[in-house]
Amino acid sequence: AGMASAAAAGGGGTEEKQGTMFITQRAPGGGKVQKTVKLPKIDSAKGVEAVTQSSQSTELLLANKQMAEVQGQLEHKKIEFNERMAKCKEREDHLAHKQSKLTQEAAKFQLFLKENDAKRARALKRAQEEANLRKTKEKEAEGLREEMGETMSKLEQSKVNLEAGMVYQTYLERVAEFSEDFMEIGDIVKRYETLVATNSDLQVKVQRNNEETERLRLELAQLTKKLQNEVLVQSSVIAEHQERLEKAKIEANAEELVKEQREDAAKSRIRETGEARMAILNLYNRCRLTHLSESRPKQEAKDVMLALRYIDERMRDLQTIVSAAEAAGVILDYKVREAVVDRQFVSKAPQGQAAPPQGASAAKAKAKPRQKAGGGGESADLTGLLNPGAQAPLE
Numbered sequence: 001a002g003m004a005s006a007a008a009a010g011g012g013g014t015e016e017k018q019g020t021m022f023i024t025q026r027a028p029g030g031g032k033v034q035k036t037v038k039l040p041k042i043d044s045a046k047g048v049e050a051v052t053q054s055s056q057s058t059e060l061l062l063a064n065k066q067m068a069e070v071q072g073q074l075e076h077k078k079i080e081f082n083e084r085m086a087k088c089k090e091r092e093d094h095l096a097h098k099q100s101k102l103t104q105e106a107a108k109f110q111l112f113l114k115e116n117d118a119k120r121a122r123a124l125k126r127a128q129e130e131a132n133l134r135k136t137k138e139k140e141a142e143g144l145r146e147e148m149g150e151t152m153s154k155l156e157q158s159k160v161n162l163e164a165g166m167v168y169q170t171y172l173e174r175v176a177e178f179s180e181d182f183m184e185i186g187d188i189v190k191r192y193e194t195l196v197a198t199n200s201d202l203q204v205k206v207q208r209n210n211e212e213t214e215r216l217r218l219e220l221a222q223l224t225k226k227l228q229n230e231v232l233v234q235s236s237v238i239a240e241h242q243e244r245l246e247k248a249k250i251e252a253n254a255e256e257l258v259k260e261q262r263e264d265a266a267k268s269r270i271r272e273t274g275e276a277r278m279a280i281l282n283l284y285n286r287c288r289l290t291h292l293s294e295s296r297p298k299q300e301a302k303d304v305m306l307a308l309r310y311i312d313e314r315m316r317d318l319q320t321i322v323s324a325a326e327a328a329g330v331i332l333d334y335k336v337r338e339a340v341v342d343r344q345f346v347s348k349a350p351q352g353q354a355a356p357p358q359g360a361s362a363a364k365a366k367a368k369p370r371q372k373a374g375g376g377g378e379s380a381d382l383t384g385l386l387n388p389g390a391q392a393p394l395e
């Protein structure tokens, strides 16, 4: 029905298109509508619509008719298909029944074959075992026959040996008969066995003693060789140790010399350090004695670094004062100042402290130019500190 409707719609569209082309046909020259066709537009549209509706109805009827025919054929085919399916189902059931029977018969046949194979295998195994047993028994019989032959041959040989040994039997009987030490043949045999055993033991002991002697001889040779090697090695070691001892003695002498030199150097350094310490403390005491300010230390310093810092500060202060005094021109006469300072230092110096040298002060006094008298006590302190012979301030 849908295809028929689409066909009808397509046919109508075609007719409508043809009608439209007919109505709107252009002239071949300028593409304008021909003016000679004078048809009313409303009447033409109604005619085209009527034709289109009639064609669509016809196509719809044809499509319905075809659909009815196709539906009838489809129903007929369905009936035929159902009949065929029923027949196929019957055949399938029949075949399944036959297949089940064949399967059961095949299973029975397989079971029969398995039983026959098992019986055949058991029979073959039994036959093989019997054949193997027969071969084993035949081999045993052959071995017994051979053993019997060997036994018979040994028996014959024993008879021969017995006949040959009867000579010894007769001989032993006669020995026992005429000998006083042996009453019976058994005593002779026992005595013989005892002697044989004793001989065997003695031979074993001799062999053992020979082996032990050989082993000890080898050990002695190895030990002798080892001791000789050790003597050589120890001799070389002793020579090496003697050489090392000589070297050690030489090194010890050298180390002793170096030690003495180090001790001398240490003593010199200790002496120099003591002298430097004494000089620093002496200079510290001089600076402290010449320092008139209240900020001077009240007691002797035990730390050298503190004394050096104090001396440095004092020297800087006195140098500043001297520079200022020289700039002002108020420095006293050098010789007069030196005499006064020496006198004051001697009077204030502690007991046991050496007096300042005078030669150096005199030499430095000659080298310096005379200055104008005047100035304060601090400039005199600096000048006296710079001069070892003048350490007391001027008053």
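Residue numbering for the sequence shown follows our numbering, beginning at 1 and increasing consecutively.
For glycine and all other residues, C-beta sits at the position ideal for the given N, C-alpha and C.
- Within 10 angstroms of the beta-carbon of Arg286 lie 16 or more other beta-carbons, which makes it buried.
- With fewer than 16 other CB atoms across the displayed protein chains lying within 10 angstroms of its CB, His241 is exposed.
- Under the 10 Å beta carbon count, Arg271 is surrounded by fewer than 16 other beta carbons and is classified as exposed.
- When only Cα atoms are considered, Glu211 and Glu219 end up about 12 angstroms apart.
- His97 carries a helical assignment under DSSP once its states are collapsed to helix, strand and coil.
- Secondary structure of His291 (DSSP, three-state): coil.
- Under the three-state reduction of DSSP, Ser200 is assigned to helix.
- Within the same chain, no Cβ atom closer than 8 angstroms to the Cβ of Lys267 is found once the five residues on either side in sequence are excluded.
- Cα atoms of Asp264 and Met305: separation of roughly 26 angstroms, rounded to the nearest angstrom.
- Rounded to whole angstroms, the Cβ separation of Met183 and Ala176 is 7 angstroms, and the two are in contact under 8 angstroms.
- The C-alpha of Lys139 lies about 12 angstroms from the C-alpha of Glu147.
- Taking each of Ile311, Met152 and Ala324 in turn and checking the Cα distance to Thr290, the smallest one comes out for Ile311.
- Inter-residue distance for Glu230 and Gln222 is about 12 angstroms (C-alpha atoms, whole angstroms).
- In the displayed model, Asp181 falls within coil according to three-state DSSP, outside both helix and strand.
- DSSP places Asp303 outside any alpha helix (DSSP H), giving it a letter other than H or E.
- Here the alpha carbons of Lys302 and Leu281 stand approximately 8 angstroms from one another.
- Linking Gln73 to Gln66 through their CA atoms gives a straight-line distance of about 11 angstroms.
- By alpha-carbon distance to Glu313, the top candidate from Glu130, Ser323 and Tyr284 is Tyr284.
- Distance check between Glu173 and each of Leu162, Val189, Gly143 and Asn199 places Val189 closest, using alpha-carbon atoms only.
- With a 10 Å radius around the Cβ and a threshold of 16 neighbouring Cβ atoms, Ile250 comes out exposed.
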